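Asks: One point on numbering: in the UniProt record's numbering, the residue at position 573 of the sequence shown is 573, and numbering is uninterrupted.
Note that the Cβ used here is the ideal one computed from N, Cα and C, for glycine as well.
Just so it is clear, the structure is predicted and the values come from calculations on it, not from any experiment.
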Amino acid sequence: MLNSDALNQLRQLKQGIQETNPRHEATIKGSMGRFGFAVLDDGREAFLIPDEMAKVFPGDRVRVVLSKDERDRDTATIEKVLRSELRYIVGRYVVRGKGHFVEADPGQLNRRIFLPPKARKDATEGDYILCRITRHPFEDQKPQAEVVRVIGRDDTPHVETEYALSKHGLAAFVKQPKGLDKLESGWRAHLQKALGRREDLRHLPFVTIDSASTRDMDDALCAETTDNGWRLHVAIADPAEFVPAGSELDERARHLGSSWYFPDRTLPMLPEVLANDLCSLVPGEDRLALVMTLDISPEGQITDFSLREAAIHSRAKLAYSDVAGLMADGGEGVDQDSLRALEAVRKTLGQYRDLNALVAEDRSDFRLILNEKGRIDHIEKRDSLDAHNLVEEAMIAANRCAARFLRTHKLSGPFVTHSGFRPERLAAMTRIMTEQLGDQTFDLTDWKGFRAFMQALDSAESDLPLRSIATRSLARGSLSTEAAPHFGMGLALYTTFTSPIRKYNDLLVHRQIKAVLNNQKPLRLRDKDCEYLQDALRAGRQAVNETEQWLKCRYMADQIGALGRGQIVHVNGAGFQVRLENTGVEGFVHLGEEEEKFSFDPVYLTQTSATRRYMLDQTVTVEVAGVDWERRQVKFRLTDDRANALLDAFSGA
1 MLNSDALNQL RQLKQGIQET NPRHEATIKG SMGRFGFAVL DDGREAFLIP DEMAKVFPGD
61 RVRVVLSKDE RDRDTATIEK VLRSELRYIV GRYVVRGKGH FVEADPGQLN RRIFLPPKAR
121 KDATEGDYIL CRITRHPFED QKPQAEVVRV IGRDDTPHVE TEYALSKHGL AAFVKQPKGL
181 DKLESGWRAH LQKALGRRED LRHLPFVTID SASTRDMDDA LCAETTDNGW RLHVAIADPA
241 EFVPAGSELD ERARHLGSSW YFPDRTLPML PEVLANDLCS LVPGEDRLAL VMTLDISPEG
301 QITDFSLREA AIHSRAKLAY SDVAGLMADG GEGVDQDSLR ALEAVRKTLG QYRDLNALVA
361 EDRSDFRLIL NEKGRIDHIE KRDSLDAHNL VEEAMIAANR CAARFLRTHK LSGPFVTHSG
421 FRPERLAAMT RIMTEQLGDQ TFDLTDWKGF RAFMQALDSA ESDLPLRSIA TRSLARGSLS
481 TEAAPHFGMG LALYTTFTSP IRKYNDLLVH RQIKAVLNNQ KPLRLRDKDC EYLQDALRAG
541 RQAVNETEQW LKCRYMADQI GALGRGQIVH VNGAGFQVRL ENTGVEGFVH LGEEEEKFSF
601 DPVYLTQTSA TRRYMLDQTV TVEVAGVDWE RRQVKFRLTD DRANALLDAF SGA
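#1: State the DSSP-derived secondary structure class of Gln607, mapped to helix, strand or coil.
#2: Verify the CB distance criterion: does Gly59 have a CB-CB separation below 9 Å to chain D?
#3: Across which residues does DSSP place Met292 in a beta bridge pair?
#4: Can you give me the Cβ contacts of Arg637 inside the same chain, cut-off strictly under 7 Å, excluding the 5 residues immediately before and after it?
#5: Look up Cys131 in the DSSP assignment and say whether it is helix, strand or coil.
#6: Taking DSSP as the reference, what is the three-state secondary structure of Asp329?
#7: Output the distance between the C-alpha atoms of Pro106 and Gly540, rounded to the nearest integer angstrom.
#8: So, for Leu457: in the same chain, excluding its five sequence neighbours on each side, which residues have a beta-carbon less than 7 Å away from its beta-carbon?
#9: Met32: buried (16+ other C-beta within 10 angstroms of its C-beta) or exposed?
#10: Alpha carbon to alpha carbon, what distance is there between His136 and Lys142?
#11: Roughly how many whole angstroms lie between the Cα atoms of Arg61 and Gly564?
#12: Alpha carbons only, please: which of Gly284, Asp250, Glu586 is nearest the one belonging to Arg502?
#13: CB-CB under 7 Å to Ala220, same chain, minus the five flanking residues each way: which ones, in chain order?
#14: Measuring only the C-alpha atoms, how far is Arg112 from Val102?
#15: Indicate the three-state DSSP secondary structure (helix, strand or coil) for Val585 in the structure shown.
#16: Could you have a look at Val102 and say whether DSSP puts it in helix, strand or coil?
#17: Which value, in whole angstroms, describes the spacing of the CA atoms of residue 656 and Thr608?
#18: With 16 other CB atoms within 10 Å as the buried threshold, where does Thr441 fall?
#19: When you compare the CB positions of Asp210 and Pro500, do they come within less than 9 Å of one another, or not?
#20: If I'm right that Leu130 touches Ile151 with Cβ under 8 Å, what's the distance once you round it to whole angstroms?
#21: Run through DSSP, which three-state label would Ile113 get?
#22: By the DSSP assignment, the alpha helix (DSSP H) with Val509 in it spans what residues?
#23: Quick check on the burial criterion: 16 or more other C-beta atoms within 10 angstroms. Buried or exposed for Leu267?
#24: Excluding the five sequence neighbours on either side, which residues of its own chain have a C-beta within less than 7 Å of the C-beta of residue 654, listed in chain order?
#25: Kindly indicate which three-state DSSP category Gly566 falls into: helix, strand or coil?
#26: In terms of alpha-carbon separation, which member of Leu385, Asp5, Gly573, Pro50 lies closest to Ile78?
#27: For my contact list, residue 654 and Leu278 are in at a C-beta cut-off of 8 Å; report their separation, rounded to the angstrom.
#28: Return the chain-ordered ranges of every beta strand (DSSP E) run that is complete within the region 380-428 and spans a minimum of 3 residues.
#29: Indicate the three-state DSSP secondary structure (helix, strand or coil) for residue 655 in the structure shown.
#30: Can you tell me which of Leu109, Gly477, Pro117 puts its alpha carbon nearest to the alpha carbon of Gly99?
#31: Please classify Asp74: does DSSP put it in a helix, a strand, or coil?
#32: Mind checking which residues open and close the alpha helix (DSSP H) that includes Thr161?
#33: Work out the CA separation of Ala515 and Lys635 for me, nearest whole Å.
#34: With a 10 Å radius around its C-beta and 16 neighbouring C-beta atoms as the bar for buried, classify Gln577 as buried or exposed.
#35: Can you find the residues in the same chain that come closer than 6 Å, C-beta to C-beta, to Lys317, ignoring five residues on each side of it along the sequence?
#36: Can the beta-carbon of Leu288 be found closer than 9 Å to that of Glu241?
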C-alpha cells in the first residue's frame, strides 16, 4: 500500500504530465455509442472515452488536453467547457426503476437525461416531449432537464411532423404571423399603385406550369420565335416589393430559409396571403414580376438577356400532365405558338447543356398520401415529363444569367457554388481515372477538368456504373459571397433567383437585382449570412426528411414479408441501401446476415463474394424484413430465385 507521500508524488507527477501536454480548443462530436470525439480546429479528431463524453453534449465548445492511448490514438481529456449551445432536446419519456428520464433523440444526443419530480409537468411514460436543459453534465456527469411541452404519443395523428418541427426549432413558425389583416389591406393598395409604375408586359401570353395542387406560383413563361432563334420571357414573382429587408416578416423568412413541404402540411416562408395570393402569379390577375428576357440561338447559346420590373397577367395555370395535349390541341387562354416555342427552347437548351455542361439524370418523384389518422395510405409515383424538363431548362437558363448579373455588377452574391468531389474521395476518383479512362487525364480540382472527367465517364466502356460512383462522391453545394464555379452542374457560375416566394436565397438575389435596377445601394452580404442560411436550410431539410422516414417506417412495418424490386443507391462496408422502384422507400440490406462472406471495395463501391457482386444502380429483389426503430431505418433481406420468379409473375414481367 502506498503511503500519503507516495500518493502526493503520483498526483504531482500526473499534474506535471498534464501541464506539459498540448491543449486545444475543440467541438464535441457524438456517436451511436457512449464514446465520442473532440474535433480540433485543425480538423483532427481526438477520441473521448465514455467517462469523458459523459461530461459534455455534442456541439459543445471545449478546451481539451491531448495524450496518446495504448493504440497510439489521440485521446482527449475535457479541461473546460467554453460554450454549450444545446438548450432544448426532444425525446421520449421513459421510467427506469425509480428514475424518470427523457431518452433523447439519437440525432441530437445519445443518452438519457434525468427529469426531477417538479420538472415533469403533465407528461407521462411513453410521451414524446420537448425539454429544456437545466443542468450541464460537466461537473458530475448528471445532466437534468425540464419538460416544456408534450408533443404526443405513438397514436397521436401527425406526431411525426410535430416531433420534427420541435426537434429542429421550427414549431414556433407553424402559426401565421400576427397582424396580417392590417398588413394585407396595405399590401393590396400598394399592389395597385406599383402596377401603374411598372413596365406593362400584360400583353405577353404568360402561363404557369406546375403541379395541379400548387398555389405559391413563383414563375410564368412564354416564348416566341425570332429570326435568330427564340426569345424566352421568364416572369418571376416579386415578394421583395412587399417584404422589406430587416422587417419582422423578413427575419421569419430568414430563419426558415425556405418553404417546407411536409406530407401533411406546408410551412410557408412568407405569409399565405402573399405566398398564395398577392405575390403568386395566379391566372387572370395582374401581378408584379421581375421579368428576364433571354435571346437564345439555334445552338442553345444565350446570346443576350435583360431584366426589368414589370406588370404581367398570367393567362392560365397549366398542370405538367396537360402541357403536351395543349401543345397539340390548344386550350382556353393558351397561346399554342408560345407553347411550341417553349418546347423548341427546351430541346435546344437541353442539347446545349448535354454538350457543354453536366445534366443530372431524371428521377421519379414520390408523394406520400396520408389517411385521416395521419399515416401513409399509399404512395404516388410521378415520373418526369417533358413539361418538367421545359420548366427546368428555362429556370436554369434564367439562374445562370442572374449569376452573371451579380458578377457584372460586383455584388456580394449570394452565389450557389459546388467544389466537386469530397476531399476524401479524390484519391479514389484519380484511381478510377487511371484504370478506366486509359490515357485521358483531367485536373479534378478544376471545374472544366471535372466536367470533362464526368463526361468521359459517360462514354467509357465498363460494366461498372462509373458515373453513379462519381456522383456518390460529390461534396454538398454551398452559398457564397464570391463568384465561383458550380462543378456539379459543369458551370462557371450559378445562383438561384426563380423561387423568391419559396426560397430566401432567391429573395436575396431579387433584392440585389432590384437595387441595381433602381440605382439603390445593394446589400453587402457576409460569409456568416451565407452560413446562417445554410444552417436554416439544413434544419428544414432534415425536418422534412425525418418526418417522411418515420412515416415510411410505420408504413413498411405493416408489410413485413412483402417482396419488392428496387435499385441499389448506396453501398458501404456493412451492405447496401435499396430504393424500391414503385414507392421510393429505401431500406438497408445487411450482408453480414448472408451465408457468404462479402468484401467491400471502397473505390468502386461494390460488395463481392465468391458467387455474387453488388454495385450501384443494380436491380435487386428484396423482402421487407423489419424496422430498426432506433435508427428509423427499414430493413430488407435478399430473396432467392423462387421469390424473384414469384415477383416477376405477379408484376407480369
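Replies: Reading off the structure:
#1: strand
#2: Among the chains of the structure shown, chain D does not appear; only one protein chain is present.
#3: Val234, Leu307
#4: Val589, Glu593, Val622, Glu623, Ala625
#5: strand
#6: helix
#7: 18 Å
#8: Leu466, Arg467, Ala470
#9: exposed
#10: 7 Å
#11: 46 Å
#12: Asp250
#13: Phe206, Val207, Thr208, Ala235, Leu281, Ile312, Ser314
#14: 6 Å
#15: coil
#16: strand
#17: For the chain, the structure presents residues 1 to 653; residue 656 sits outside this window and is missing.
#18: exposed
#19: no
#20: 6 Å
#21: strand
#22: 504-517
#23: buried
#24: The structure shown does not extend to residue 654, since the chain spans only 1 to 653, so no value can be given for it.
#25: strand
#26: Pro50
#27: Look at the range of the chain in this structure, 1 to 653, and you will see that residue 654 is not part of it.
#28: 415-417
#29: Residue 655 lies beyond the stretch modelled for the chain, which goes from 1 to 653, so this question has no answer here.
#30: Pro117
#31: strand
#32: 159-167
#33: 53 Å
#34: buried
#35: Thr208, Pro283
#36: yes
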